[in-house]
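Residue numbers (the numbering used here), protein chains in the order written: chain P, 1 to 400; chain R, 401 to 669. The structure appears right after this line, and notes come after that.
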Amino acid sequence: MNELRAQLHEWRVAIERTLPPWWPRALAVLLIAFGLLLPQIFSTTSNFVNTEILALTYVMFALGLNVVVGFAGLLDLGYVAFFALGSYAFGWLGSGWFFKAHVHVLVHGPTGTLPGIHLNFVLILICAGIFTAFAGAIIGVPTLRLRGDYIAIVTLAFGEIIRVFALQGPSLKIFGMPVTGGELGISGTDPPYLPGVGQFSQLDIRPWYYTIFVLVLITLFVTIRVRDSRLGRAWIALREDEVAAVSMGIPLVRTKLLAYALGAAFGGIAGAFLGAYTTLIDAGEFQFGFSIFVLAMVILGGLGSVWGVVVGALLLSNINYYLIPDVLNPIPGDLGLNFNLTDLQVSIFGFLLVLVMVLRPQGLIPERRRKLELTRGIGETELDEPAASWVSVEPGEVVQ
Amino acid sequence: MTAEAPAPTQTSPGSPILSAEEVTKEFGGLVAVNRVSVDVPLGSIVSIIGPNGAGKTTFFNMLTGLYKSTSGRIVFSGRDITHDRPDVITKLGVARTFQNIRLFGAMTALENVIVGRHCRMRAGLFGSIVRAPWVRAEERAVQERAAETLSYVGLRSRQFGQLSSNLSYGDQRRVEIARALASDPKLLLLDEPTAGMNPHESAALTDFMRKLRNDLQLTILLIEHDMKVVMGVSERITVLDHGEKIAEGSPGEVREDQRVIEAYLGKQS
Numbered sequence: 001m002n003e004l005r006a007q008l009h010e011w012r013v014a015i016e017r018t019l020p021p022w023w024p025r026a027l028a029v030l031l032i033a034f035g036l037l038l039p040q041i042f043s044t045t046s047n048f049v050n051t052e053i054l055a056l057t058y059v060m061f062a063l064g065l066n067v068v069v070g071f072a073g074l075l076d077l078g079y080v081a082f083f084a085l086g087s088y089a090f091g092w093l094g095s096g097w098f099f100k101a102h103v104h105v106l107v108h109g110p111t112g113t114l115p116g117i118h119l120n121f122v123l124i125l126i127c128a129g130i131f132t133a134f135a136g137a138i139i140g141v142p143t144l145r146l147r148g149d150y151i152a153i154v155t156l157a158f159g160e161i162i163r164v165f166a167l168q169g170p171s172l173k174i175f176g177m178p179v180t181g182g183e184l185g186i187s188g189t190d191p192p193y194l195p196g197v198g199q200f201s202q203l204d205i206r207p208w209y210y211t212i213f214v215l216v217l218i219t220l221f222v223t224i225r226v227r228d229s230r231l232g233r234a235w236i237a238l239r240e241d242e243v244a245a246v247s248m249g250i251p252l253v254r255t256k257l258l259a260y261a262l263g264a265a266f267g268g269i270a271g272a273f274l275g276a277y278t279t280l281i282d283a284g285e286f287q288f289g290f291s292i293f294v295l296a297m298v299i300l301g302g303l304g305s306v307w308g309v310v311v312g313a314l315l316l317s318n319i320n321y322y323l324i325p326d327v328l329n330p331i332p333g334d335l336g337l338n339f340n341l342t343d344l345q346v347s348i349f350g351f352l353l354v355l356v357m358v359l360r361p362q363g364l365i366p367e368r369r370r371k372l373e374l375t376r377g378i379g380e381t382e383l384d385e386p387a388a389s390w391v392s393v394e395p396g397e398v399v400q
Numbered sequence: 401m402t403a404e405a406p407a408p409t410q411t412s413p414g415s416p417i418l419s420a421e422e423v424t425k426e427f428g429g430l431v432a433v434n435r436v437s438v439d440v441p442l443g444s445i446v447s448i449i450g451p452n453g454a455g456k457t458t459f460f461n462m463l464t465g466l467y468k469s470t471s472g473r474i475v476f477s478g479r480d481i482t483h484d485r486p487d488v489i490t491k492l493g494v495a496r497t498f499q500n501i502r503l504f505g506a507m508t509a510l511e512n513v514i515v516g517r518h519c520r521m522r523a524g525l526f527g528s529i530v531r532a533p534w535v536r537a538e539e540r541a542v543q544e545r546a547a548e549t550l551s552y553v554g555l556r557s558r559q560f561g562q563l564s565s566n567l568s569y570g571d572q573r574r575v576e577i578a579r580a581l582a583s584d585p586k587l588l589l590l591d592e593p594t595a596g597m598n599p600h601e602s603a604a605l606t607d608f609m610r611k612l613r614n615d616l617q618l619t620i621l622l623i624e625h626d627m628k629v630v631m632g633v634s635e636r637i638t639v640l641d642h643g644e645k646i647a648e649g650s651p652g653e654v655r656e657d658q659r660v661i662e663a664y665l666g667k668q669s
């Protein structure tokens with residue numbers, strides 16, 4: 001095992017040496033180009049492009065959660081709350097759900113005459129982002145005095161609160177209108193309309209693909225910029241040592257809440273997009289499992305590592321939505337076994353996670369800092385921390 | 401300080417930049433610091449000494465806002481900071497180091513110092529995303545300054561990019577001082593800066609403290625166990641024992657004080 005690992009490492013170093021220094025950039029450009037061409041290459045009637053739309057949405061979710069968990073080190077197990085709130089933001093602002101209202105802002109075509117609140121798709125995404133950012137900050141407040149596991153418990157509870165709220169929504173009324181559709185969901189959402197693209201439909205899913213593609217690019221841009229900024233450093237400092245960080249002049253409350261808000265905003269926008277894409281905002285979707293699924297992507301890819309998280313999210317969602325149900329599903333049947341692979345989906349998933357965590361605990365593409373911590377940090381300079389009682393004063397010296 | 405002429409006092413060379421008035425900290429029933437008053441004159445080097453558990457670090461934590469004092473008042477530069485948050489106090493001009501070094505281990509030496517500059521920087525969320533020219537300029541200036549500060553405390557430039565957790569103990573102490581200096585403090589609090597150093601290193605640090613004070617017009621308040629350092633560098637010394645101030649004065653006065661001798665050696669029977 002160790003020999004194999006050493007051999008692999010050797011190869012990697014050799015490969016890294018032969019590649020020109022600009023290769024990460026070139027790779028990024030190639031990947032973006034591939035991403036742009038993907039719906040042209042693959043048939044949009046197959047499930048593959050549909051999967052990629054979902055996968056990219058999950059990339060956005062995972063990047064958002066990465067801000068909270070990876071950058072700021074706040075273990076958030078209630079991320080589903082922002083998926084839910086983002087989706088509802090879309091349901092409320094882009095359907096006939098609030099049937100007594102007649103609000104139309106920059107909408108196109110027949111939607112302009114329907115009852116309910118109908119906002120332009122882009123406006124809804126922005127509203128969803130702002131709305132969930134506030135929600136994120138509010139959810140963050142009670143965790144400010146907590147650390148580690150306790151944050152996890154509180155956020156988990158918030159995720160559940162939002163889920164129950166979504167389920168009980170039909171009996172909650174504002175102005176005589178139910179707040180959510182519960183398990184029946186909010187349906188009949190407006191198909192987005194973008195100038196130059198036209199009305200989105202389920203028949204041609206390419207516009208959906210490009211929309212989420214652009215959203216992911218924006219998320220990546222924002223995440224990377226913030227990571228390498230004053231704010232990003234403050235998050236890492238807080239993650240490393242809260243007491244030292246506040247003593248160095250980092251405002252604890254504002255910095256932490258900004259992490260929650262930014263992470264939540266990405267989750268909310270992705271949630272709104274997913275709501276629009278699936279055209280049904282159903283309370284049954286907002287399960288705790290979603291939070292874990294996204295967290296698994298972040299950890300698998302590499303906590304705090306932007307590119308790692310992208311890979312982790314693409315990988316897990318492709319396995320979950322495409323590889324297992326579409327490609328590998330009939331294999332057991334072909335082998336004469338009497339079950340489908342989808343029956344084992346969760347087990348396969350768990351097995352893969354365990355495998356990766358054993359072989360590569362730092363994630364697929366670890367963050368630079370953590371990589372250094374895990375490799376170079378060990379054994380090189382063992383700190384000879386002095387014992388607390390190591391005091392160079394002889395009490396007698398005072399008297400002299 | 402204020403523009404008005406400082407009130408003349410006989411005992412101190414300058415008016416106090418920091419004065420703690422009857423500061424008390426209770427943890428449940430335990431009184432860790434009991435009505436301690438300390439004046440730190442502007443531009444001086446003042447030491448707080450005392451046996452282990454005397455409440456020195458607790459006192460420091462109250463000065464920097466990490467602990468809220470149970471009663472009493474702390475005035476820095478004419479402003480009551482008793483109830484201010486740690487980051488606000490840092491911004492006002494108080495910086496500190498820790499007894500057990502608390503660097504950000506996953507950050508490089510340079511990044512640690514840049515974080516120390518946080519409160520003097522302006523870039524916020526949107527500034528960072530847009531990365532406007534002024535944000536870039538600020539970032540560049542802070543990086544250069546951080547490198548200068550690291551050189552000033554004696555780090556070699558090839559160490560700037562190393563993870564702080566990989567630096568030697570002595571160098572970590574240097575980085576911690578550089579990080580504190582990065583916030584342009586008026587008052588520097590050093591919590592046992594020579595802990596774990598050999599006599600030679602301690603002597604070097606003593607000289608460095610004087611240099612700091614003279615170069616940067618700093619006021620320094622330090623907790624120290626090494627009597628050679630304390631007697632050599634301090635202009636005034638406050639002695640704490642069991643959370644109470646038992647003596648105060650010049651090194652000579654403190655050395656002769658009967659209660660100090662008792663606190664360190666025990667009462668003669």
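We treat Cβ as the ideally placed atom computed from N, Cα and C, and that holds for glycine.
Residues that residue i bridges to, as DSSP identifies them
i	result
residue 628 of chain R	Note: residue 628 of chain R sits in no beta bridge, so no partner.
residue 173 of chain P	P/178
residue 425 of chain R	R/433
residue 118 of chain P	P/94 and P/104
residue 449 of chain R	R/639
residue 644 of chain R	R/641
residue 473 of chain R	R/421
residue 494 of chain R	R/587
residue 199 of chain P	P/193
residue 292 of chain P	In DSSP, residue 292 of chain P forms no bridge with anything.
residue 439 of chain R	R/419
residue 649 of chain R	R/637
residue 480 of chain R	R/475
Bounding residues of the alpha helix (DSSP H) (the contiguous stretch that carries residue i)
i	result
residue 47 of chain P	47-66
residue 456 of chain R	456-463
residue 353 of chain P	345-359
residue 606 of chain R	599-616
Neighbourhood of residue i by C-beta distance below 8 Å, restricted to the same chain and skipping five residues each side
i	result
residue 367 of chain P	70, 302, 303, 304, 305 and 308
residue 242 of chain P	147 and 252
residue 234 of chain P	245, 250 and 255
Proximity winner among the options, relative to residue i (alpha-carbon distances)
i	options	result
residue 90 of chain P	P/49, P/310 and P/181	P/181
residue 348 of chain P	P/160, P/102, P/319 and P/327	P/319
residue 201 of chain P	P/334, P/336, P/191 and P/361	P/191
residue 216 of chain P	P/53, P/41, P/14 and P/42	P/53
residue 276 of chain P	P/365, P/239, P/185 and P/10	P/185
residue 278 of chain P	P/48, P/355, P/87 and P/74	P/87
residue 129 of chain P	P/64, P/73 and P/327	P/64
residue 228 of chain P	R/421, R/467 and R/526	R/526
For residue i, the first and last residue of its enclosing beta strand (DSSP E)
i	result
residue 9 of chain P	Element bounds for residue 9 of chain P: not the beta strand (DSSP E) but the alpha helix (DSSP H), 2-18.
residue 620 of chain R	619-623
8 Å contact criterion, which residue i and residue j should meet: CB distance rounded
i	j	result
residue 574 of chain R	residue 515 of chain R	The Cβ separation is near 16 Å, so there is no contact.
residue 588 of chain R	residue 618 of chain R	5 Å
residue 298 of chain P	residue 312 of chain P	6 Å
residue 80 of chain P	residue 287 of chain P	7 Å
Beta-carbon proximity list for residue i, same chain, < 7 Å, skipping 5 on both sides
i	result
residue 629 of chain R	594, 602 and 606
residue 520 of chain R	583 and 584
residue 571 of chain R	555 and 559
residue 120 of chain P	105, 106 and 107
residue 434 of chain R	424, 643 and 644
residue 396 of chain P	Residue placement at residue 396 of chain P is flagged as unreliable, the pLDDT there being 34, under the threshold of 50; the coordinate-derived value follows with that caveat. Within the same chain, residue 396 of chain P has no close Cβ partners at all.
residue 477 of chain R	401, 417, 492, 493 and 586
Residues near residue i in its chain [Cβ-Cβ closer than 6 Å; skip 5 each side]
i	result
residue 139 of chain P	158
residue 257 of chain P	137 and 140
residue 20 of chain P	none
residue 586 of chain R	493
residue 187 of chain P	280
residue 504 of chain R	512
residue 162 of chain P	81 and 84
residue 456 of chain R	448, 450, 623 and 640
residue 635 of chain R	444 and 445
Residue i CB to nearest heavy atom of the ligand GDP below 7 Å
i	result
residue 256 of chain P	This structure lacks the ligand GDP; in fact it carries no ligand of any kind.
8 Å Cβ cutoff, residue i in contact with chain A
i	result
residue 487 of chain R	No chain A appears in this structure, whose protein chains are P and R.
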